[in-house]
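Since the structure comes first, as structure tokens, the remarks are kept for the end.
Numbering (the numbering used here), first residue to last: 3 to 152.
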């Protein structure tokens with residue numbers, strides 16, 4: 003039996019809203035098998051709001067000096083944010099990342115998605131960016147790589 007234990011509604015650009023559903027990390031594989039059908043049904047149920055499924059992960063603080071405890075890589079802030087990014091764009095795969103540093107010190111992360119899933123995810127790119135910004139605090143831009151046909 004699959005069950006989600008938490009959901010929240012996030013304001014995305016303008017008056018659009020997205021529903022973020024947190025699923026247990028151990029059940030993530032099972033949810034991915036039914037992801038397209040589940041998201042389609044939930045978007046109908048939530049009257050057209052975009053639905054995003056994310057596995058619930060925990061971020062641990064770095065161990066104190068002199069402590070013998072080793073923090074697993076999967077519990078670091080960086081690893082959790084990268085995994086969250088993978089979950090948000092799930093049907094598509096991330097094929098590249100670029101970080102652009104502005105003169106004022108802020109940075110924008112450009113994420114390149116697999117063009118094979120462009121038809122399914124193109125209308126959700128703004129939602130993906132808004133959800134990731136709200137959950138991680140990082141500015142991100144999603145796009146598809148330009149392919150040059152020879």
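Glycine included, every Cβ here is placed at the ideal spot set by N, Cα and C.
A residue is called buried once 16 or more other Cβ atoms fall within 10 Å of its Cβ, and residue 13, having fewer, is exposed.
Boundaries around residue 33 are those of the alpha helix (DSSP H), 30-35, since no beta strand (DSSP E) includes it. Residue ranges of uninterrupted beta strand (DSSP E) with 3 or more members, entirely inside the segment 66-146 and ordered along the chain, are 96-103, 109-115, 142-145. For residue 94, same chain residues with a beta-carbon under 6 Å away, outside a window of 5 residues either side, are 115, 116, 119, 123 in chain order. By the neighbour-count criterion, in which 16 or more other beta carbons inside 10 Å mark a residue as buried, residue 103 falls on the exposed side. Taken through DSSP and simplified to helix, strand or coil, residue 51 comes out as coil.
Pairing residue 132 with residue 15, the inter-Cα distance amounts to about 7 Å.
In this structure, the beta-carbon distance from residue 99 to residue 111 falls below 8 Å. A residue is called buried when at least 16 other Cβ atoms come within 10 angstroms of its Cβ; residue 129 meets this threshold and is buried.
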